[in-house]
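Trainee: One structure follows; several queries about it will come next.
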Amino acid sequence: METIKSMHGSAKFYGSKDNMTNLLVKISNQIIKACRIWIKTVPPELVVVVNEDDKKRKIHPIYDRVPKDILNRIGDCISLNKAY
290 METIKSMHGS AKFYGSKDNM TNLLVKISNQ IIKACRIWIK TVPPELVVVV NEDDKKRKIH
350 PIYDRVPKDI LNRIGDCISL NKAY
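Convert by adding 289 to the 1-based position in the sequence shown; the result is the number in the numbering used here.
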């Protein structure tokens, strides 16, 4: 955020309200995309296998995971949101 503040003060293009708003919207969208990917990423050691014969079944990125891992990742995204 400090970098954005200095850009707003010194860069002619980002000195206007509209251009600054566009930049912040793009940054916000990238943060949201990164959080979605972070939550959906499945570490292999955290996948819950319901049945040993069912190993080849396609794993759902949310519902077939250990709940504690999902909650930790959501908590990380909430912390990022508060910091932003």
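Glycine residues also receive a C-beta, built at the ideal position from the N, C-alpha and C atoms. The structure displayed is predicted, hence computed values, not measured ones.
Specify whether the region 310–318 and the region 347–362 touch according to this definition: at least 3 beta carbon pairs, one from each stretch, less than 8 Å apart.
Mentor: No, the region 310–318 does not touch the region 347–362.
Trainee: Residue 317 to residue 301, Cα distance in whole Å?
Mentor: Taking the first residue of the sequence shown as position 1, residue 317 is located at position 28. Taking the first residue of the sequence shown as position 1, residue 301 is located at position 12. C-alpha separation (whole angstroms): 22 Å.
Trainee: Between the alpha carbons of residue 369 and residue 353, how many angstroms are there, rounded?
Mentor: Within the sequence shown, the letter at position 80 stands for residue 369. Within the sequence shown, the letter at position 64 stands for residue 353. Their backbone Cα atoms lie some 25 Å apart in a straight line.
Trainee: At the level of alpha carbons, what is the spacing between residue 362 and residue 325?
Mentor: For the purposes of this step, residue 362 is taken as the residue at position 73 of the sequence shown. For the purposes of this step, residue 325 is taken as the residue at position 36 of the sequence shown. C-alpha separation (whole angstroms): 10 Å.
Trainee: Could you tell me the boundaries of the alpha helix (DSSP H) in which residue 356 lies?
Mentor: Residue 356 sits at position 67 when you count from the first residue of the sequence shown. Unbroken alpha helix (DSSP H) run through residue 356: 356–372.
Trainee: Taking the straight line between their C-alpha atoms, what separation do you get for residue 327 and residue 349?
Mentor: On the sequence shown, position 38 is the one that residue 327 refers to. On the sequence shown, position 60 is the one that residue 349 refers to. Roughly 14 Å separates the two Cα atoms.
Trainee: Skipping 5 residues on each side, what residues in its chain have a beta carbon closer than 7 Å to that of residue 303?
Mentor: Residue 303 sits at position 14 when you count from the first residue of the sequence shown. Excluding sequence neighbours, residue 303 sits near 296, 297, 309, 312.
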